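Below you'll find the structure, written out as structure tokens, and then a few comments.
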Amino acid sequence: MPSYVSTSKIDRTLTDVLVVHCSSSRFQAGLHDFLNQGLNLRGNYDLLVIPGGPQSLTLVEYLPKFSWAGWKWFRYLVEAHDLKRLILIAHEDCGWYKALPLHLHTVSEPRERQEEDLRRAKAKLTKEFPHLRVELYSAAWDSSARVRVEAM
Ligand SMILES: [Zn+2]
906 MPSYVSTSKI
916 DRTLTDVLVV
926 HCSSSRFQAG
936 LHDFLNQGLN
946 LRGNYDLLVI
956 PGGPQSLTLV
966 EYLPKFSWAG
976 WKWFRYLVEA
986 HDLKRLILIA
996 HEDCGWYKAL
1006 PLHLHTVSEP
1016 RERQEEDLRR
1026 AKAKLTKEFP
1036 HLRVELYSAA
1046 WDSSARVRVE
1056 AM
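Those letters in the sequence shown? Residues 906 to 1057, per our numbering, in order.
In structure tokens, the structure reads:
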């Protein structure tokens, strides 16, 4: 293929929204729908996609270099783009969590571990960036395998 020309045009509207979610391929299309139709963002948001998503913001002691990189990227986006709204999304059956030692959390149930991390991340973010509105979501799938996202 010599080149590909999208039907989408460059979006020059500045955004004040950053979304952080996991890399899992299973959720990408569903999360795209949630952000663009559910939250009506219409593709106009910054996006940070990394394994475990917002979990990277809580790893200061366990993986300090990984945490440092996550915070570096995060601070850059918040400051350079003057962000006001942050959307953190965890998801069911996250492989990243399966690889994490249990001692990092006060609970062992996967969903509760994710909730604990989202609350930790929100507390730290609210302290460091009091002007940011932080929203927490959890994605899973229903009996028809449709991606379902709910606020936490
Ligand atoms: Zn994941």
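For glycine and all other residues, C-beta sits at the position ideal for the given N, C-alpha and C. Only a predicted model underlies this, so the values are computations on that prediction, with no experimental measurement involved.
From valine 1052 to arginine 990, what does the alpha carbon distance come to, in whole angstroms?
23 Å
What is the rounded straight-line gap between the Cα of alanine 1028 and the Cα of methionine 906?
47 Å
Length of the line joining the Cα atoms of threonine 1031 and serine 908
44 Å
Distance CB(histidine 1010)-CB(alanine 1044) smaller than 7 Å:
no
My output table needs one value for aspartate 951: the three-state DSSP class, helix, strand or coil.
strand
Which runs of the alpha helix (DSSP H), 4 residues or longer, sit entirely within the segment 992-1056?
1000-1003 and 1015-1033
Say yes only if the C-beta of tryptophan 1046 is nearer than 6 Å to one or more non-hydrogen atoms of ligand 1, and no if none qualify.
no
Write down the C-beta distance between glycine 958 and leucine 993 rounded to the nearest angstrom, noting that I regard them as a contact closer than 8 Å.
7 Å
Local Cβ density within 10 Å of leucine 919, reported as buried at 16 or more and exposed below that
exposed
Could you tell me the distance, in whole angstroms, from the CA atom of glutamate 1040 to the CA atom of serine 928?
19 Å
Answer with buried or exposed for glycine 935, where buried requires no fewer than 16 other C-beta atoms within 10 angstroms of its C-beta.
buried
Quick check on the burial criterion: 16 or more other C-beta atoms within 10 angstroms. Buried or exposed for valine 922?
buried
Answer yes or no: the CB of tryptophan 976 versus the heavy atoms of ligand 1, is any distance below 6 Å?
no
Identify, in the order they occur along the chain, each residue of the same chain with its Cβ nearer than 6 Å to the Cβ of valine 925, setting aside the five sequence neighbours on each side.
Leu953, Gly958, Pro959 and Leu993
Using only alpha-carbon positions, find the residue among Leu940, Ala1004 and Tyr981 that is nearest to proline 956.
Ala1004
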